[in-house]
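Q:
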Amino acid sequence: MLDSDGVVDIGHLAVGGWHAAADRCPKKMDYGPCAGVGTDGSCEVPGFGACSFVQVDAADWPYAATLAAGPLAAARPEPPAAGRQPAVAAFLAAAGSRPVVVADLPAEPLSAASLRASAAALAGVADACLLGDHGGARVQFPPSYRARLLAEEGVPAWVGINCRDRNRVAIEGEIAACVDAGAVGVHCVTGDHSALGHRPEARAVFDLDSVGVVRRVAAAAARSGGALCSVAHAPAAPPTDRRLPRLLTKIDAGADVVFVDHCGGPGPVAEAVAELRAAGFAGLVLVCVPVVTSTASAAVIASFATGRLPDGYLERITGTWAARAFTTANATPAVPTPNGTPPGRGASGTPAADRTADGAPADRAADPAPADRGADGGPADRAANGAWPTIPAAEAAEIEAAGIAEGTELAERMLEIPGVDGVNLSGGAPPGQEAALAAAMAEITRRVLGVAPARSRRQARHPVGASRTAVGPA
1 MLDSDGVVDI
11 GHLAVGGWHA
21 AADRCPKKMD
31 YGPCAGVGTD
41 GSCEVPGFGA
51 CSFVQVDAAD
61 WPYAATLAAG
71 PLAAARPEPP
81 AAGRQPAVAA
91 FLAAAGSRPV
101 VVADLPAEPL
111 SAASLRASAA
121 ALAGVADACL
131 LGDHGGARVQ
141 FPPSYRARLL
151 AEEGVPAWVG
161 INCRDRNRVA
171 IEGEIAACVD
181 AGAVGVHCVT
191 GDHSALGHRP
201 EARAVFDLDS
211 VGVVRRVAAA
221 AARSGGALCS
231 VAHAPAAPPT
241 DRRLPRLLTK
251 IDAGADVVFV
261 DHCGGPGPVA
271 EAVAELRAAG
281 FAGLVLVCVP
291 VVTSTASAAV
301 IASFATGRLP
311 DGYLERITGT
321 WAARAFTTAN
331 ATPAVPTPNG
341 TPPGRGASGT
351 PAADRTADGA
361 PADRAADPAP
371 ADRGADGGPA
381 DRAANGAWPT
391 IPAAEAAEIE
401 AAGIAEGTEL
411 AERMLEIPGV
421 DGVNLSGGAP
431 PGQEAALAAA
441 MAEITRRVLG
451 VAPARSRRQA
461 RHPVGASRTA
471 VGPA
């Protein structure tokens with residue numbers, strides 16, 4: 001049975017246990033679970049207990065029946081790039097000829113100046129900038145306004161829309177505004193619960209979940225040739241053996257781009273992408289690549305992705321400071337990433353489920369502390385509360401250079417995976433370091449696309465004459 005949007009009605013296929021799980025879910029998700037499930041099966045909401053969907057017997061999950069009842073959306077013909085709006089057509093044309101790079105946009109919340117400064121660093125370099133949620137500052141400029149600000153700087157915006165703060169009527173209006181602002185893509189997430197972040201007293205809406213947003217974005221694109229519709233895939237979030245069918249349901253609803261969240265090195269990512277392609281998905285696949293340029297940003301990554309990064313990734317960047325980054329991550333709440341995506345979320349928009357030492361979510365209500373600066377004006381990697389270690393400016397510069405080199409190499413390895421069309425450079429920086437992180441992401445993009453000379457291990461891995469053809473962003 002299809003619902004009013006032409007997508008298989010999961011409610012018709014679900015059994016009683018699933019309906020009870022949906023009613024009990026703090027987000028009232030019809031298409032659960034979100035990517036915030038803890039490694040122990042716990043809900044992302046502190047004190048809630050086990051995720052209600054994880055407790056449903058695998059045989060009663062309705063997604064397998066959903067897929068059997070209808071064709072995968074990716075099997076349907078995609079509208080030609082010529083029928084799309086200019087920014088979307090340009091992005092698709094680039095993706096058809098070379099790898100694409102979508103970079104998170106690090107910027108202070110409610111600061112047009114900060115947003116413009118970071119956008120200026122990435123203009124003409126990245127194919128688009130991802131704008132999402134912010135755990136440390138729930139009150140933000142609307143996605144459509146941020147998209148308009150980026151357009152003024154010549155940067156295509158890939159906006160994130162969550163279901164926490166708006167009902168379906170407001171979401172439909174925001175989608176229309178984003179399309180009108182020239183957004184190249186809309187990233188559809190359910191969003192983390194209001195119990196997480198710095199405004200826990202706000203009442204959560206969750207009139208829809210991510211599948212409902214996908215349907216509306218896809219409908220808008222069909223009417224006007226508007227933005228691409230993207231969703232997240234979190235292969236490492238429990239229950240890992242049932243994540244793909246849920247993703248395919250989002251694709252069936254109309255998603256044409258998938259962001260693969262942090263789930264380990266190239267090996268696990270290759271497995272996830274191969275499974276997705278084998279299931280019939282013919283759209284674009286972008287893989288998240290963590291960008292670490294300081295001990296502070298390493299601590300942010302360590303707070304949520306320990307065990308889901310390539311072996312030795314942080315150690316190769318920060319050297320002897322890595323142990324302190326891990327200690328800081330386990331002893332203090334993670335600093336929310338200023339790019340609009342709280343730590344642990346990546347493209348999923350919901351926490352990746354690792355916990356702090358006290359068992360609370362790694363991104364629990366914590367306002368970011370301002371970062372001190374080193375003697376040379378660069379980051380000294382120490383928060384005002386003294387949580388970050390103070391290191392010499394010369395070593396900070398070495399860490400930044402190593403982070404750019406490691407990020408470049410990892411992005412290149414991800415792009416070698418069959419079925420991968422591009423990368424999403426993701427990461428977070430404490431306040432005051434946003435522009436520096438944006439500049440680092442721009443440098444990684446130049447190296448990956450062959451615009452700047454390769455360095456370090458990349459030269460050894462790609463001998464002269466064997467590197468990727470240099471093609472600038474559209």
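The numbers in UniProt numbering rise by one with no breaks, and the one at position 157 of the sequence shown is 157.
Beta carbons are placed, not taken as given, at the ideal position from N, Cα and C, and that holds for glycine.
Computed from a predicted structure; not experimentally measured.
(1) Between the alpha carbons of Glu108 and Glu434, how many angstroms are there, rounded?
(2) Between Arg243 and the rest of its own chain, which residues show a CB-CB distance below 8 angstroms, the 5 nearest in sequence each way excluded?
(3) What's the call for Ser97, buried or exposed, on a 16-neighbour Cβ count within 10 Å?
(4) Consult DSSP for Leu208 and reduce its assignment to one of helix, strand or coil.
(5) Are the CB atoms of Val122 and Met414 nearer to each other than 8 angstroms?
(6) Please confirm whether Ala302 has its beta-carbon closer than 8 angstroms to some beta-carbon of chain E.
(7) Tell me the DSSP secondary structure of Ala236 in three-state form.
(8) To the nearest whole angstrom, what separates the beta carbons of Val423 and Leu309, a pair I think is in contact under 8 angstroms?
(9) Can you tell me the Cα-Cα spacing of Glu400 and Phe259, whole angstroms?
(10) Can you tell me where the beta strand (DSSP E) with Leu410 in it begins and where it stops?
(11) Is Gly267 helix, strand or coil when you go by DSSP?
(12) Under a Cβ-count criterion, where at least 16 other Cβ atoms within 10 Å of its own Cβ denotes burial, should Ala331 be classed as buried or exposed?
(13) Looking only at C-alpha atoms, which of Glu416, Tyr313, Ser224 and Pro290 sits nearest to Gly83?
(14) Are there 16 or more other CB atoms within 10 angstroms of the CB of Trp18, so buried, or fewer, so exposed?
(15) Between the C-alpha atoms of Arg216 and Thr249, what's the straight-line distance to the nearest angstrom?
(16) Among residues of its own chain, excluding the 5 on either side of Ser48, which ones have a beta-carbon nearer than 8 angstroms to its beta-carbon?
(17) Nearest CA to the CA of Gly427: which residue from Val291, Arg203 and Val159?
(18) Reducing DSSP to helix, strand and coil, say where Thr341 ends up.
(19) Does the Cβ of Glu412 have 16 or more other Cβ atoms within 10 Å, making it buried, or fewer, making it exposed?
(20) Bridge partners for residue 505 per DSSP, in chain order?
(21) Nearest to Val205 by alpha carbon, out of Pro33, His198, His193 and Val211?
(22) Where does Trp61 sit, in a helix, a strand or coil, going by DSSP?
(23) From the DSSP output, in three-state form, read off Cys43 for me.
(24) Within this structure, are the beta carbons of Ala181 and Ala221 separated by less than 8 angstroms?
(25) Give me the Cα-Cα distance between Asp127 and Ala113, rounded to the nearest whole angstrom.
(26) Going along the chain, which residues of its own chain have a beta-carbon closer than 6 angstroms to the beta-carbon of Gly265, five neighbours each way excluded?
(27) Compare the C-alpha of Leu425 against each of Leu228, Gly173, Gly407 and Gly197 and name the closest.
(28) Which partner residues does His187 have in the DSSP bridge list?
(29) Going by the DSSP bridge assignment, what does Cys178 pair with across the sheet?
(30) Given that a residue counts as buried once 16 or more other Cβ atoms are within 10 Å of its Cβ, and exposed if not, what is Pro62?
(31) Look at the alpha carbon of Ala460 and the alpha carbon of Asp57, and state the distance between them as a whole number of angstroms.
(32) Quick one: grab the DSSP three-state call for Val139.
(33) Could you please give me the residues that DSSP links to Asp165 through a beta bridge?
(34) What span of residues does the beta strand (DSSP E) with Ser111 cover, start to end?
(35) By a C-beta neighbour count over all protein chains shown, 10 Å radius and 16 as the cutoff for buried, is Leu110 buried or exposed?
(36) Short of 8 angstroms in beta carbon distance, which residues of its chain neighbour Cys163, apart from the five on each side in sequence? Order them along the chain.
A: Let me lay it out:
(1) 7 angstroms
(2) His233, Ala234, Pro235 and Ala237
(3) exposed
(4) coil
(5) According to the sequence displayed, residue 122 carries Leu and not Val. No, the Cβ-Cβ distance between Leu122 and Met414 is not below 8 angstroms.
(6) Checking the listed chains, one finds no chain E in this structure; it contains a single protein chain.
(7) coil
(8) With a Cβ gap of about 15 angstroms, Val423 and Leu309 do not count as contacting.
(9) 26 angstroms
(10) No beta strand (DSSP E) contains Leu410, which is instead part of the alpha helix (DSSP H) from Ala393 to Leu415.
(11) helix
(12) Unreliable positioning characterises Ala331 in this predicted model, as indicated by a pLDDT of 47, which lies under 50. A coordinate reading is not provided.
(13) Ser224
(14) buried
(15) 15 angstroms
(16) A small fix is needed here, since residue 48 is Phe in this sequence, not Ser. So the qualifying residues of the chain are Pro26 and Ser42.
(17) Val291
(18) Reliability of the predicted coordinates at Thr341 is poor, the pLDDT of 40 falling under 50, and the value obtained from them is presented with this limitation in mind. Note: Thr341 maps to coil in three-state DSSP.
(19) buried
(20) The structure shown does not extend to residue 505, since the chain is modelled only from 1 through 474, so no value can be given for it.
(21) His193
(22) coil
(23) coil
(24) no
(25) 21 angstroms
(26) Pro310
(27) Gly407
(28) Gly160 and Ser230
(29) DSSP lists no partner for Cys178.
(30) buried
(31) Bear in mind that a pLDDT of 30 at Ala460, under 50, signals an unreliable position, so the model cannot answer this.
(32) coil
(33) In the DSSP output, where bridge partners are listed per residue, Asp165 has none listed.
(34) Looking at the DSSP string, Ser111 is not in any beta strand (DSSP E), and its letter there is neither H nor E.
(35) exposed
(36) Lys27, Ile171, Val189, Thr190, Gly191, Val205, Phe206, Asp207, Leu208, Asp209, Ser210, Gly212 and Val213
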